[in-house]
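Engineer: Before anything else, here's the structure in question.
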């Protein structure tokens, strides 16, 4: 069945199918309509879940942490300042090796104040041990959310589904609603009951801490195979950790992630029509980082970023750990929107070898 | 692909109109996108919404810069029109190569579609625009029935679909 859904409502529809036991969230633009829709579904008895209203994002994720520790399936959603406010608990969830899914409607981080879209918020999760996906469309938001529960529970790591604030969260598009049977969450090796004495996450010193972090890192690596397998088994395959677009014979390769990739693909078609051999590697995942897919690239690389760390873009930094001679464009902050014509300009400058610096902060948008 | 830009005043229902047009296109078996103006509510201020309609999957998500059709709700809106086709209420508004007229306010008032003292014109505008876009009236009616409970809105769209003239 096809429906006209915003990215946010597509996520709510997927969550409904995944049947979480508990949802706790605090509203923040542009995430709010995800949990508003879920609250409505719970109210109408379309979804049998506990919906816990809280006073902050810190508490939202803490409530979920308690419930998933006891074996429940949990979901929350947030953006920007909200993600920062719950940041400590993000580490507790990942370090406790508990599965859950969180949607992040990606948005600029203050200051200066801005409620619009970029990727600066979601990248703070990079070191916490979460699986981090970024989607290109409302359809992919729906599909990845469904897969996220399965992948997360299989590897016991939390999963963040990122979708661009406003551009994806608020744009309504045609989404195919799929039937999807999720297995029940696997039983925990322990039972928590009100009467039981139980300690989790005991104090560690030295080696046990190193080991815990090592195990977590190994499992994040292993999740790559799970991500690829779940993607292949799904009714539609997106290509695993990355999506290749016109890459086969590409001499010039653009690396990007998120909602603006559609416009960039149209720009690639424009350049292809002029005989320029250009293609895209779209990163569907930031963590685990698709090293193998990037390693394999054979051509001149341009990374286009919507977030930065020091002078470089974050994806630029990530890709440069694998490929050294790359160009990096940093742009699209705080709701600044680039369309096909803008990408044609950027890509043309890159192809013509007119980018003299390794990193260029791009201001030009029509 | 058909690209439509809708100019309205916050509260007139321009964002809902974009959604209704996209939904009608979906019911006609097409792909569609409805993009609202991003950010806070804008009651009383100029609001721009966008609609894309296509036979194929639409992958771009940017706002529309060069629309095929411009739809103008408010008679006092002073917007630049770059498209060849425009849908307006009266000849006091911007004109284009092909100008389609529908007296949306009169249709609403005749049906007593009034909210807070003002006629609700968005569903009549949807009916007129749907005709210009070659969407079927049955899909428009289905979309409005689903999204808005008041049957008079369906009627308003139906009348506008019939009477819109170039």
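Protein chains in written order, with my numbering: chain F, 10 to 375; chain Z, 129 to 294.
Positions of the beta carbon are idealized from the N, C-alpha and C atoms, including for glycine.
1. Hey, quick one: how far does the beta strand (DSSP E) through residue 219 (chain Z) stretch, first residue to last?
2. When you compare only the Cα positions, how much space is there between residue 266 (chain Z) and residue 160 (chain Z)?
3. Let's test the definition: count the other Cβ atoms within 10 Å of the Cβ of residue 172 (chain Z) and tell me whether it reaches 16, buried, or not, exposed.
4. So the candidates are Z:158, Z:179 and Z:239; which of them puts its Cα closest to the Cα of residue 133 (chain Z)?
5. Measuring only between beta-carbons, confirm whether residue 316 (chain F) sits less than 8 Å from chain Z.
6. Shortest alpha-carbon distance to residue 306 (chain F) belongs to which of F:213, F:24, F:333 and F:218?
7. Pull up the DSSP beta-bridge partners for residue 168 (chain F), would you.
8. Considering only the beta carbon of each residue, do residue 289 (chain F) and residue 266 (chain F) sit closer than 8 Å?
9. Based on the DSSP secondary-structure assignment, which residues constitute the bridge partners of residue 134 (chain Z)?
10. Would you mind working out which of Z:251, Z:261 and Z:282 sits nearest residue 142 (chain Z), comparing C-alpha positions?
11. Could you tell me whether the Cβ of residue 188 (chain Z) comes closer than 8 Å to any Cβ of chain F?
12. Give, in chain order, every unbroken run of the beta strand (DSSP E) that is at least 3 residues long and sits entirely within the segment 210–261 of chain F.
13. Taking the alpha carbon of residue 22 (chain F) as the point to measure from, which residue in F:279, F:151 and F:319 has its own alpha carbon closest?
14. Quick check for students: name the residue ranges of the alpha helix (DSSP H) that lie wholly in the segment 218–269 of chain Z, counting only runs of 4 or more.
15. Taking all protein chains shown into account, do 16 or more other C-beta atoms lie within 10 angstroms of the C-beta of residue 204 (chain F), making it buried, or fewer, making it exposed?
16. Of all the CB atoms in chain Z, is at least one closer than 8 Å to the CB of residue 301 (chain F)?
17. Is the beta carbon of residue 79 (chain F) closer than 8 Å to that of residue 191 (chain F)?
18. Got a sec? Which residues, its chain only, sit under 8 Å from residue 274 (chain Z) by beta carbon, not counting five neighbours each side?
19. In the segment 144–161 of chain Z, which residues sit with their C-beta less than 7 Å from some C-beta in chain F, listed in chain order?
20. Do the segment 219–229 of chain F and the segment 244–257 of chain F touch if we need at least three Cβ pairs shorter than 8 Å?
21. Determine, using beta carbons only, whether residue 235 (chain F) and residue 162 (chain F) come nearer to each other than 8 Å.
22. Hey, could you find the ends of the beta strand (DSSP E) residue 79 (chain F) is sitting in?
23. Using a cut-off of 8 Å between C-beta atoms, extract the partners of residue 127 (chain F) located in chain Z.
24. Using only the alpha-carbon positions, how far apart do residue 244 (chain Z) and residue 215 (chain Z) sit?
25. Checking 8 Å against the spacing of the C-beta atoms, do residue 147 (chain F) and residue 182 (chain F) come in under that value?
26. Under the assumption that residue 158 (chain F) contacts residue 110 (chain F) (Cβ atoms under 8 Å), give the Cβ distance between them as a whole number of angstroms.
27. Give me the DSSP bridge partner(s) of residue 159 (chain Z).
28. Which residue or residues does DSSP assign as beta-bridge partners of residue 264 (chain F)?
29. Could you pull out every residue in the same chain whose Cβ sits closer than 6 Å to the Cβ of residue 344 (chain F), ignoring the five residues on either side in sequence?
30. Would you decide whether residue 270 (chain F) is buried or exposed? Buried here means 16 or more other CB atoms lie within 10 Å of its CB.
31. Closer than 7 Å, Cβ to any Cβ of chain F: which residues of the segment 191–219 of chain Z, in chain order?
32. Rounding to the nearest angstrom, what Cα-Cα distance links residue 174 (chain Z) and residue 198 (chain Z) in this structure?
33. Does the segment 362–373 of chain F come into contact with the segment 316–333 of chain F, if we say contact requires no fewer than three beta-carbon pairs (one atom in each stretch) closer than 8 Å?
34. How is residue 332 (chain F) classed by DSSP in three states: helix, strand or coil?
35. For residue 167 (chain Z), decide whether its Cβ has a neighbour in chain F, counting only Cβ atoms nearer than 8 Å.
36. Leaving aside the five residues before and after residue 218 (chain Z) along the sequence, list all residues of the same chain whose C-beta is less than 8 Å from its C-beta, in chain order.
Structural biologist: Inspection of the coordinates gives the following:
1. Unbroken run through residue 219 (chain Z): none, as it is neither H nor E.
2. The straight-line gap from Cα to Cα measures roughly 17 Å.
3. The residue is exposed, with fewer than 16 neighbouring Cβ atoms inside 10 Å.
4. Between residue 133 (chain Z) and the set Z:158, Z:179 and Z:239, the nearest pair of CA atoms involves Z:179.
5. Not an interface residue.
6. Of the candidates F:213, F:24, F:333 and F:218, the residue whose Cα lies closest to the Cα of residue 306 (chain F) is F:333.
7. DSSP lists F:110 and F:140 as the bridge partner or partners of residue 168 (chain F).
8. In this structure, residue 266 (chain F) does not lie closer than 8 Å to residue 289 (chain F) by Cβ.
9. When beta bridges are read from the DSSP output, residue 134 (chain Z) appears opposite Z:177 and Z:199.
10. The candidate whose alpha carbon is nearest that of residue 142 (chain Z) is Z:251.
11. Proximity of residue 188 (chain Z) to chain F, defined by a Cβ-Cβ separation below 8 Å, is satisfied.
12. Whole beta strand (DSSP E) segments, 3+ residues: 251–254.
13. Comparing Cα-Cα distances from residue 22 (chain F) to each of F:279, F:151 and F:319, the minimum goes to F:151.
14. Whole alpha helix (DSSP H) segments, 4+ residues: 232–238 and 250–260.
15. Result: exposed.
16. With 8 Å as the cut-off, residue 301 (chain F) does not count as an interface residue toward chain Z.
17. In terms of Cβ geometry, residue 191 (chain F) and residue 79 (chain F) do not form a close pair [threshold 8 Å].
18. Within the same chain, residue 274 (chain Z) has close Cβ partners 151.
19. Correct list: 147, 150, 151, 154, 159, 160 and 161.
20. Too few Cβ pairs lie closer than 8 Å, so no.
21. Contact: no.
22. Neither: residue 79 (chain F) is in no beta strand (DSSP E) and is coded neither H nor E.
23. In chain order: nothing, as chain Z lies at least about 13 Å away.
24. Whole-angstrom Cα-Cα distance: 25 Å.
25. Yes, these two residues count as a Cβ contact at 8 Å.
26. That pair is a contact at about 6 Å.
27. Beta-bridge pairing by DSSP links residue 159 (chain Z) to Z:182.
28. Paired residues: F:290 and F:312.
29. Residues of the same chain with a CB within less than 6 Å of the CB of residue 344 (chain F), apart from the 5 flanking positions on each side, are 125 and 126 in chain order.
30. It counts as buried.
31. Taking 7 Å as the upper bound on Cβ-Cβ separation, chain F lies near residues 191 and 193 of the segment 191–219 of chain Z.
32. When rounded, the distance between both Cα atoms is 14 Å.
33. With the cut-off at 8 Å, the segment 362–373 of chain F and the segment 316–333 of chain F touch.
34. Three-state DSSP puts residue 332 (chain F) in coil, outside helix and strand.
35. So yes, residue 167 (chain Z) belongs to the interface.
36. Cβ neighbours of residue 218 (chain Z) within its own chain (closer than 8 Å, five residues either side excluded): 203, 229 and 231.
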